[in-house]
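Below is one structure, written out as structure tokens, with a few remarks after it.
There are 2 protein chains.
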Amino acid sequence: MSNVTIKDLAKLSGVSLATVSRVINQKGYVSQELSAKVLRAVEETGYRPNQAARSLVQRRTDSIGVIVHNLHDPFFYDLLRGFEQAAAEISYNVLFASVLGGDTKSKEKYLQYLSGGVVDAVVMYGSYMSDEEMLRCASPSSSVDYMLIENDIQGFKCNKLLINNVQGAYSAVEYLMGKGHTDIAHICGNPNKKVTIDRLNGYLAAMRDKGLEVQDGYLQQLSADYRNGYARMKSLLALKNRPTAVFCSDDAIASYAVRAALDAGLRVPEDISIMGFDFQTNLPERYRGPDLTTVKQPLYQIGFDSITLLAGQLKKGRFDQPERKVYDTQIVEQETVCGPCR
Amino acid sequence: MSNVTIKDLAKLSGVSLATVSRVINQKGYVSQELSAKVLRAVEETGYRPNQAARSLVQRRTDSIGVIVHNLHDPFFYDLLRGFEQAAAEISYNVLFASVLGGDTKSKEKYLQYLSGGVVDAVVMYGSYMSDEEMLRCASPSSSVDYMLIENDIQGFKCNKLLINNVQGAYSAVEYLMGKGHTDIAHICGNPNKKVTIDRLNGYLAAMRDKGLEVQDGYLQQLSADYRNGYARMKSLLALKNRPTAVFCSDDAIASYAVRAALDAGLRVPEDISIMGFDFQTNLPERYRGPDLTTVKQPLYQIGFDSITLLAGQLKKGRFDQPERKVYDTQIVEQETVCGPCR
DNA sequence: ATCCCATAAGTAAACGTTTACACAAGAAAT
DNA sequence: ATTTCTTGTGTAAACGTTTACTTATGGGAT
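Note that the protein sequences, when read in sequence, are chains A and B.
All residue numbers for the first sequence refer to the numbering used here, where the first residue is 1 and numbers rise by one.
All residue numbers for the second sequence refer to the numbering used here, where the first residue is 1 and numbers rise by one.
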């Protein structure tokens with residue numbers, strides 16, 4: 001019963017291999033009579049085509065692979081919805097691979113595996129890989145098409161979807177200024193990551209452009225993880241020239257900053273405004289403060305576009321003009337920002 | 001540069017196909033000399049083995065597929081972590097396929113596709129499929145191994161991991177009784193789903209066993225979706241014989257029940273205790289009430305076990321003894337239950 | 001009557017691997 | 001001196017499809 005092949009079907013229905021194939025793929029000419037015979041055989045045997053053989057000769061799989069780390073992280077909510085929606089609208093199968101944390105070994109494994117023709121295209125979010133590692137696993141000139149999200153790796157010529165973190169931070173500061181703030185501090189994240197640096201630069205550029213001074217102690221660098229945002233906020237609150245607004249490098253940090261302010265007996269946002277940036281890494285503890293005013297990344301759109309663009313390129317057959325798009329962010333007004341009460 | 005094959009490598013390094021294969025798979029005898037030559041050719045060409053050809057002849061892919069609906073749903077948090085952790089510990093690749101909502105068409109598509117030898121085993125969560133649909137896509141006697149989670153479909157002989165919803169609901173009632181409650185109501189969910197019916201039966205059985213009466217109006221049936229939990233709770237509160245505790249069919253319902261109680265000016269849990277059941281379907285609105293006391297499903301364990309069990313069976317080669325496990329739940333004491341204040 | 005085209009069906013060659021088998025040479029054991 | 005074992009290499013047959021090519025038949029247009 002197991003592993004029925006096209007050959008069995010041919011024997012069973014008394015036709016040739018080619019005819020069976022034609023019936024199954026509804027392609028080419030075949031008479032009603034033989035067609036019926038073959039279909040009956042398919043029914044009887046529970047035949048299911050072998051995808052390996054099929055894709056070996058067709059040199060395509062009609063599938064797209066997606067590699068991310070920590071698929072379970074709520075951060076991926078919107079991105080995943082984008083992937084899923086796009087997947088539902090196209091005829092390609094979309095398969096996800098997830099690796100834990102910074103497990104680059106596994107990431108390489110999956111990238112190599114998928115690049116071996118398991119899928120026709122691969123989209124990859126982030127990646128802690130270096131250019132060389134990347135090239136070792138995937139060849140940009142191979143027959144599989146690549147799409148990188150939030151990863152502007154240089155040596156690898158392929159499709160790229162990026163988020164304008166500089167503009168995002170810049171607009172956050174503008175927004176705070178629009179509310180009347182001038183004493184604006186920044187808690188910046190891990191200074192070895194490009195996102196962090198971009199957001200820091202956006203903050204600095206906006207301050208400079210608008211003629212605002214980054215006062216003494218206004219630049220707080222996170223040590224360890226986001227929980228340290230609590231301590232950093234405490235430092236800011238202890239300043240003589242206490243800021244009236246704090247822009248944080250991401251929402252996780254911001255949530256701890258809010259907690260610190262509330263614990264210090266301040267009201268948020270009346271006494272101090274706090275702003276985050278849409279990067280909700282998974283918080284083990286439930287956040288109970290006011291909803292964060294934040295800078296939102298268009299992750300749904302990016303997820304959707306990544307799949308859709310790839311599908312388009314695959315359909316055309318040749319993908320020599322890699323796409324490169326930079327997405328702007330948007331401010332979401334919620335409960336942690338208001339004008340300064342002075 | 002694209003699509004280098006083993007043949008190219010053989011030509012380039014002046015050896016036979018077999019030798020190249022042996023070098024690449026580090027299998028069989030091959031001299032240092034030739035090995036070096038081949039490896040150099042691999043390096044130069046950026047060769048990557050074609051997985052389709054490989055799995056065609058080996059009749060295995062060393063991968064396991066997972067099909068779920070709404071992968072983005074936070075409900076899957078623990079389940080996904082279980083899958084991921086197991087995936088990281090075994091040598092198999094794990095690939096996820098996600099379909100939107102109740103899109104059985106897509107689910108069938110993926111099941112058929114994966115069953116065509118794209119993976120060696122498939123785990124499937126839930127499923128709105130009937131026996132016949134299931135059989136149409138996947139043959140239990142095929143060479144791919146199946147694992148069903150929370151789906152006790154009858155006509156399909158394969159591995160099954162189930163949750164003891166009856167026991168879960170039963171223990172919830174016992175827990176409430178232990179706190180001193182006797183007037184315990186139940187808001188039950190969609191009565192066409194097996195989960196709901198099981199939980200209802202658990203509630204009823206516990207009440208009967210302990211000699212408690214299900215008083216007039218104590219059984220509330222949800223109409224429409226979980227938001228209706230608000231109205232159902234209102235109905236309970238309007239009763240002359242108002243219950244002191246309410247057990248809800250799932251957490252989503254419970255969260256609306258809590259809101260209704262709070263809106264009615266009652267304190268939770270001092271005035272009324274409310275219990276949920278771990279099924280956190282995605283709530284668009286943020287829940288701000290006290291943390292729910294609830295019945296927790298061992299989803300992490302189930303995710304982990306599903307992959308691990310399959311990997312074990314695959315390694316053994318023959319999977320004729322399907323596994324069937326029923327998991328008990330556990331009560332998580334949080335903030336919505338205390339003794340009755342009478 | 002001839003030619004061409006649409007329909008129908010079969011034969012056989014790919015696709016890129018792995019692997020069973022054959023063969024050889026040298027070393028070790030009889 | 002013969003056998004046996006280990007190491008090393010190559011040849012060719014799979015694996016299950018798709019598809020280019022070939023052949024045949026019956027009609028419609030010339």
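Glycine included, every Cβ here is placed at the ideal spot set by N, Cα and C.
Quick caveat, the model's predicted, so the values are computed rather than measured.
Bridge-paired residues (DSSP) for residue i
i	result
Leu95 (chain B)	B:Gly65
Asn159 (chain B)	B:Met147
Gln220 (chain B)	B:Ile187
Ile197 (chain A)	Beta-bridge pairing links Ile197 (chain A) to no other residue.
Gln330 (chain A)	A:Lys296
Met275 (chain A)	A:Phe247, A:Thr293
Val122 (chain A)	A:Gly65, A:Tyr146
Lys325 (chain B)	B:Leu161
Among the options, the one whose alpha carbon lies nearest that of residue i
i	options	result
Leu39 (chain A)	A:Arg199, A:Ser13, A:Val337	A:Ser13
Phe277 (chain A)	A:Glu213, A:His69, A:Asp328, A:Leu111	A:Asp328
Thr196 (chain A)	A:Glu174, A:Gln330, A:Pro298, A:Leu222	A:Leu222
Gly211 (chain A)	A:Gly101, A:Pro191, A:Glu33, A:His181	A:His181
Leu71 (chain A)	B:Met275, B:Ala97, B:Ser91	B:Ala97
Phe319 (chain A)	A:Asn159, A:Ile184, A:Gly229, A:Leu262	A:Asn159
His69 (chain B)	B:Glu43, B:Gln85, B:Ala88, B:Leu100	B:Leu100
Ala264 (chain A)	A:Ile253, A:Ala238, A:Val246	A:Ala238
Ala257 (chain B)	B:Val4, B:Met207, B:His186	B:His186
Ala254 (chain A)	A:Gln301, A:Met207, A:Val337, A:Tyr300	A:Val337
Gly116 (chain B)	A:Val23, A:Ile6, A:Gly312, A:Ala121	A:Ile6
Met129 (chain B)	B:Val144, B:Gly102, B:Pro49	B:Gly102
Val144 (chain B)	B:Glu133, B:Met177, B:Pro49, B:Asp62	B:Asp62
Asn136 (chain B)	A:Glu133, A:Glu43, A:Ala87	According to the sequence shown, residue 136 (chain B) is Arg rather than Asn. Answer by Cα proximity: A:Glu43.
beta-carbon residue i near the ligand NAP non-hydrogen atom, thresh 8 Å
i	result
Val42 (chain A)	As for the ligand NAP, it is missing from this structure, which has no ligand bound.
Pairwise C-alpha distance: residue j and residue i
i	j	result
Leu292 (chain B)	Phe75 (chain B)	15 Å
Leu114 (chain B)	Cys188 (chain B)	36 Å
Leu204 (chain A)	Ile331 (chain B)	50 Å
Tyr287 (chain A)	Tyr226 (chain A)	13 Å
Pro269 (chain B)	Val173 (chain B)	16 Å
Gly155 (chain A)	Ile307 (chain B)	36 Å
Glu333 (chain B)	Thr294 (chain B)	7 Å
Pro298 (chain A)	Arg324 (chain A)	15 Å
Val326 (chain A)	Asn164 (chain A)	6 Å
Val119 (chain A)	Gln58 (chain A)	12 Å
Pro243 (chain A)	Phe279 (chain A)	23 Å
Gly168 (chain A)	Lys179 (chain A)	17 Å
Tyr175 (chain A)	Asp271 (chain A)	17 Å
Leu161 (chain B)	Tyr300 (chain B)	12 Å
Met124 (chain B)	Asp152 (chain B)	12 Å
Asp73 (chain A)	Lys240 (chain B)	46 Å
Tyr110 (chain B)	Thr19 (chain A)	26 Å
Leu219 (chain A)	Pro290 (chain A)	24 Å
Classification of residue i by the beta-carbon crowding that lies within 10 angstroms, buried from 16 upward
i	result
Asp251 (chain B)	buried
Gln26 (chain A)	exposed
Tyr29 (chain B)	exposed
Asn192 (chain B)	exposed
Arg199 (chain A)	buried
Lys107 (chain A)	buried
Cys341 (chain A)	exposed
Residue i at chain B interface by Cβ criterion, 9 Å
i	result
Thr61 (chain A)	yes
Pro74 (chain A)	yes
Asn93 (chain A)	yes
Lys37 (chain A)	no
Asn50 (chain A)	yes
Lys316 (chain A)	no
Gln167 (chain A)	no
Lys109 (chain A)	yes
Gly65 (chain A)	yes
Arg242 (chain A)	no
Met1 (chain A)	With a pLDDT of only 41 at Met1 (chain A), under the threshold of 50, the placement of this residue in the model should not be trusted, and no figure is reported.
Phe96 (chain A)	yes
is_contact[residue i, chain A] using C-beta, thresh 9 Å
i	result
Tyr77 (chain B)	yes
Pro269 (chain B)	no
Gly116 (chain B)	yes
Leu148 (chain B)	no
Gln85 (chain B)	yes
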